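Residue numbers for the sequence shown follow full-length UniProt numbering, so the first one is 1 and each next one is one higher. Idealized CB from N, CA, C, for every residue including glycine. Quantities reported herein were computed from a predicted structural model and do not represent experimental measurements.
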Amino acid sequence: MTESFCKMPRPLMAATQWVSLTTGEHLALSGQDKILWVWMKDRYDFFTAQHKDWFDNQDEIAKYTGCSVSTVKRFIGLLNKHGYMKKTQRRMHGCAHSNSYTIIQELVLAPAGKVTPSPLPLVQEERSEYAPIIFPVAVTYTKPVVVPPEPVSFHPSVQVYSDDEPQWEVRSSG
């Protein structure tokens, strides 16, 4: 049995944000989003190589990526909104419909910038009438009490042997 797999490029693996093609804003890129993108791109490439539309349903995408259906819907919605994917709905059997997807462009990753932490305030607020409450704690030492072991009484059928005596069992040969 041969196993199939998807490759995740190192830049995608390290990325924390992606760029919207419609607004230019940087959007958060979670680990689940990365898995979804790699899997969906792989499936899209598979179908287009066969000159077919990509039509996996969202339940299958969720099943094969280990994500919830709501996460799949959210990410596909973001890809549509920000110009990376086009969704086409087709009517099937009356009121039911099927979606096919077209990936328009590779995901553009936001450059990793240096994150500068916001400075801490230099002046501490003064509190009026503030005094810490301190509770005194008494520490005492008590001498441990040694309780002698109680004698153990055995059932009458149990024989008590001393550790000093060898235990020998004599058997008759006849």
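- prompt: Are the CB atoms of K86 and T102 nearer to each other than 8 Å?
  reply: yes
- request: Give a yes or no on whether the C-beta atoms belonging to T16 and G83 are separated by under 8 Å.
  value: no
message: Please list the terminal residues of the continuous alpha helix (DSSP H) segment that includes M85.
response: First-last for M85: 85 to 92, but that is the beta strand (DSSP E), not the alpha helix (DSSP H).
query: Of all the options A28, V38, R91, S4, which has the alpha carbon lying nearest to the alpha carbon of E106?
result: V38
field: C-alpha gap between N99 and D56, whole angstroms
entry: 8 Å
- prompt: How long is the line joining the alpha carbons of P9 and V108, rounded to whole angstroms?
  reply: 13 Å
message: As an exercise, report each continuous beta strand (DSSP E) stretch of at least 3 residues that is fully enclosed by the stretch 33 to 106, in chain order.
response: 85 to 92, 96 to 103
Span of the beta strand (DSSP E), counted from its first residue to its last, around L109: No beta strand (DSSP E) contains L109, which DSSP labels as neither H nor E.
task: Report all residues from its chain with a CB closer than 6 Å to the CB of T116; omit the five preceding and five following residues, and keep chain order.
output: At T116 the pLDDT is 46, less than 50, meaning the model places this residue with poor confidence; the figure from the coordinates comes in the next sentence. Around T116: no qualifying Cβ.
- prompt: Which residues in the same chain as T71 place their Cβ atom closer than 6 Å to its Cβ, once the five residues preceding and following it in sequence are excluded?
  reply: Q32
- request: Please say whether W54 and Y64 have beta carbons closer to each other than 8 Å?
  value: no
message: Quick check: is any heavy atom of the ligand NAD less than 7 Å from the C-beta of G66?
response: Ligands are entirely absent from the displayed structure, and the ligand NAD is therefore not among its contents.
task: Look up L27 in the DSSP assignment and say whether it is helix, strand or coil.
output: strand
task: In angstroms with no decimal places, state the Cα-to-Cα distance between R90 and E25.
output: 31 Å
task: Taking 8 Å as the cut-off, decide whether the C-beta atoms of C67 and L36 are in contact.
output: yes
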